[in-house]
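Encoded as structure tokens, the structure appears first; notes follow it.
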Amino acid sequence: MTDIKIKTASSESVVHCGAGAFEKYAKKHKGRVFIVTDKNVYSLYGNLMRETFGSEAVIKVLPAGEKSKNSRNLLSIIGAMAEAGVKRNGLVIAFGGGVVGDIAGLSASLYMRGVRLVQIPTTLLSQVDSSVGGKTAVDFGKIKNLIGTFYQPEEVIADPMFLDTLPKRELNCGLGEIIKYGALDGEIYEKLCKNKDRLYDCGFLGGITADCIRHKADVVRRDEHDLNGIRKTLNLGHTTGHAFELYYGRRPHGEYVLIGMYYELYIAKRKGVCGGEYSDNLISLIKKIVKVPAYADIENSAVLAKHDKKNSDENISLVVPQSEGKSAEIFIGLDEYIRLLNECGRSL
Ligand SMILES: NC(=O)c1ccc[n+]([C@@H]2O[C@H](COP(=O)([O-])OP(=O)(O)OC[C@H]3O[C@@H](n4cnc5c(N)ncnc54)[C@H](O)[C@@H]3O)[C@@H](O)[C@H]2O)c1
């Protein structure tokens, strides 16, 4: 088990990660806590929640999936917190994947101007990425994460035992974020290349999860509020991934991140930013996990990348891998972006 501390200007949090973390750290929160979870997680772990947090815990169960990350559910959580009598020193526990973590985190940050928050991530994606760093959000209209706050959990309990019940496709989504960290961090990249045939091995996943959290913790310490360009690197692959996700919306988020990374790697190669064995290795890791589709309607989906928060003026901002441990931000016009995405699709 590893403890990773994240101290920022405004807060201090700790991530307990590894086997046994839930057993060791969750029990101390037994009592009048307010738990947010989703239907799938509740059906698997509802009994464990009751045993661990006791009969006084109030449990709000949302439908599963990205569609639940909306303003209606946000207000319904806040309403349920008021009804349950949650006080200013109350504790919200986000018990689930990234969807639950994002909406529960936002609710905790808004209710009475902020109550305590603990994240118990149950998907690989939420363990390696979304539960750490304090970004909370719901989607609004056609825009992902439009309404959100920065709000650090006081504690994250990331225990791999929850991954035993996770469908392989959801495990793949977490691997997508892990490969993103590989494109940002030389050591993680080396480990991925050396272990490319062990990507689903529990021992390997346990170690690499802690490495990704360490990388993210370091980024968050240096740029908590995404102000000086460091945190922006974590969006590698996301500009295009989010645009496809918003337009097509049929796959889990993590698969779109992988697909976005593939298309953006192609653009980086064509722009001469990245190439050689390094990009070939990243491409082969991506292809091990997802079959990258050639989209028919690139024009209409790519236009949605214009909403990306990183953009400046009319240009699309992409964070792309450059070389081991190094990424670069490139800006390209919408016409060129569409042309290169189409070219990438035809090459598949
Ligand atoms: N805040 C951040 O910094 C950040 C970073 C990355 C992604 N995100 C957000 O995270 C979300 C995606 O998270 P996700 O991939 O965890 O999706 P998710 O929360 O929808 O979970 C995926 C599926 O797995 C199920 N599930 C969860 N835990 C399970 C378990 N232990 N066993 C079996 N099934 C389980 C869920 O019910 C759901 O059907 C997106 O909304 C994305 O925007 C946020």
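Here numbering that gives the first Met the number 0 is used: the first residue of the sequence shown is 0, the next is one more, and so on.
Each residue gets a CB set at the ideal place from its N, CA and C atoms; glycine is no exception.
Values in this document were obtained by computation on a predicted structure and should not be read as measured data.
Nearest-angstrom Cα separation, counted from residue j out to residue i
{"i": "D163", "j": "K215", "result": "24 Å"}
{"i": "T1", "j": "C211", "result": "12 Å"}
{"i": "D128", "j": "I119", "result": "12 Å"}
{"i": "G53", "j": "K68", "result": "27 Å"}
{"i": "A293", "j": "Y265", "result": "13 Å"}
{"i": "K4", "j": "T238", "result": "29 Å"}
{"i": "G19", "j": "D158", "result": "7 Å"}
{"i": "E11", "j": "A295", "result": "47 Å"}
{"i": "V98", "j": "E65", "result": "6 Å"}
{"i": "Y150", "j": "K26", "result": "23 Å"}
{"i": "A327", "j": "A267", "result": "9 Å"}
{"i": "E176", "j": "Y255", "result": "11 Å"}
{"i": "K190", "j": "K325", "result": "16 Å"}
{"i": "V117", "j": "I156", "result": "8 Å"}
{"i": "G274", "j": "N280", "result": "10 Å"}
{"i": "K270", "j": "F330", "result": "11 Å"}
{"i": "N194", "j": "S130", "result": "25 Å"}
{"i": "V57", "j": "V32", "result": "6 Å"}
{"i": "S75", "j": "A136", "result": "15 Å"}
{"i": "T121", "j": "V60", "result": "15 Å"}
{"i": "M111", "j": "E342", "result": "50 Å"}
{"i": "F243", "j": "A304", "result": "9 Å"}
{"i": "G78", "j": "G113", "result": "15 Å"}
{"i": "F203", "j": "F161", "result": "16 Å"}
{"i": "I146", "j": "S70", "result": "8 Å"}
Three-way DSSP call (helix, strand, coil) for residue i in this model
{"i": "S12", "result": "strand"}
{"i": "D279", "result": "helix"}
{"i": "Q118", "result": "strand"}
{"i": "D138", "result": "strand"}
{"i": "K6", "result": "strand"}
{"i": "P251", "result": "coil"}
{"i": "A63", "result": "coil"}
{"i": "I288", "result": "helix"}
{"i": "E189", "result": "helix"}
{"i": "A83", "result": "coil"}
{"i": "E169", "result": "helix"}
{"i": "A304", "result": "helix"}
{"i": "G78", "result": "helix"}
{"i": "I146", "result": "strand"}
{"i": "G271", "result": "coil"}
{"i": "N46", "result": "helix"}
Nonlocal neighbours in the same chain, by C-beta distance under 6 Å from residue i, ignoring five residues either side
{"i": "A8", "result": "none"}
{"i": "V219", "result": "I5, G132"}
{"i": "E223", "result": "T7"}
{"i": "Y188", "result": "G181, E323"}
{"i": "V85", "result": "F33"}
{"i": "S125", "result": "G96, G97, G100"}
Neighbour-count burial assignment, residue i, 16 or more Cβ in a 10 Å radius
{"i": "E169", "result": "buried"}
{"i": "S108", "result": "buried"}
{"i": "R87", "result": "exposed"}
{"i": "C172", "result": "buried"}
{"i": "N227", "result": "exposed"}
{"i": "R345", "result": "exposed"}
{"i": "Y199", "result": "exposed"}
{"i": "P320", "result": "buried"}
{"i": "C16", "result": "buried"}
{"i": "G332", "result": "exposed"}
{"i": "A209", "result": "buried"}
{"i": "K152", "result": "The question names Lys, but residue 152 in the sequence shown is Pro. Classification for P152: buried."}
{"i": "K167", "result": "exposed"}
{"i": "K231", "result": "buried"}
{"i": "G30", "result": "exposed"}
{"i": "P62", "result": "exposed"}
{"i": "R213", "result": "buried"}
{"i": "E263", "result": "buried"}
{"i": "N46", "result": "exposed"}
Cβ-based neighbour list, residue i, same chain, cut-off 8 Å, excluding 5 preceding and 5 following
{"i": "L347", "result": "V291, P292, A293"}
{"i": "N299", "result": "Y246"}
{"i": "I178", "result": "L191, L257, M260, L281, L284, I285, I288"}
Residue-level contact to chain B via CB, residue i, 9 Å cutoff
{"i": "F52", "result": "No chain B is present in this structure, which holds just one protein chain."}
7 Å Cβ shell around residue i - same chain, five flanking residues per side excluded
{"i": "H28", "result": "F52, L90, I92, V117"}
{"i": "H306", "result": "I142"}
Any non-hydrogen atom of ligand 2 within 8 Å of residue i CB
{"i": "D217", "result": "Inclusion of ligand 2 in the displayed structure is not the case, the ligand content consisting of ligand 1 alone."}
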